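Counting from 1043, one number per residue, gives the positions in the sequence shown under our numbering.
Beta carbons: idealized from backbone N, C-alpha and C, even for Gly.
As the structure is a prediction and not an experimental result, all values here were calculated from the model.
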Amino acid sequence: MIPINSAAVVQFHDRCLADPGWPAVPAAASGDSEIWRWIAENHRNNCLLWAEEDLARRTQVADSEIAANKRAIDRFNQARNDATERVDEYLLTALGLVDSTSVQSDSPVTNVPAGARLNSETAGSIIDRMSILSLKIAAMRGQTERTDVDEAHRAGCRAKLARLVEQRSDLGDCLDALLADTEAGRAYFKVYRQFKMYNDPRMNPVLVAERAG
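Next up, the structure:
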């Protein structure tokens, strides 16, 4: 039995954002602690990434501060992707769709059910997108409540908010359908590695050149 569904994911994302201590204070895991720990880690790093993206757009600070923001963005983005992969590893292992001895390697071995279709997007990546949408929804809702702008601004933001809510609902339906089809043997997905080479000093050609010089 898969221990997650879209309703629980949405509730968890929104609960975290409503917590005044978040993301500095980790959220308490709910249900199965292992998968929820990684869903929380993905969401936390998306929140930290969001804040740094805002700060990186400042125009009245020293360039060194923007450089620090950019480096933080790289760290949080890497951690966000790592957590997404852990979610997929957990789900596929629980379903017996990946070889458990290879699941954390660069080349996990997939066990393909006969006749099942391959889904191009993983469950973890859908949850990651839902996390980002929860941030957009919270931020857009804040725009609808501003008192320092005119009604036209608030009305435009209400329309955008409705569309964002619809988009998250659609993604949730896709997540539930994928999980149901995967559990029933009608579909499968794989653990995909991001291989962010620009973050690897052994592979980023500029960093390799710096070290050689």
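G1166 places its beta carbon 8 Å or farther from that of V1140. Residue burial annotation: F1237 is exposed, with fewer than 16 other C-beta atoms found within 10 angstroms of its C-beta.
Per DSSP, the continuous alpha helix (DSSP H) segment holding S1176 begins and ends at A1165 to T1186.
Runs of the alpha helix (DSSP H) lying entirely within the stretch 1046-1116 and spanning at least 4 residues, in chain order: 1048-1060 and 1075-1097.
Counted as a single uninterrupted DSSP element, the alpha helix (DSSP H) harbouring R1210 occupies residues E1193 to E1225. With 16 or more other CB atoms across the displayed protein chains lying within 10 angstroms of its CB, Y1132 is buried.
Per DSSP, reduced to three states, the secondary structure at R1159 is strand. The closest CA to that of I1081, considering only E1127, R1210, L1160 and S1211, is found on E1127. In this structure, the alpha-carbon of S1048 lies about 45 Å from that of E1252. Within a 10 Å sphere around the beta-carbon of R1086 sit 16 or more other beta-carbons, which makes this residue buried.
In this structure, DSSP gives Y1240 a helical state, which the three-state scheme calls helix.
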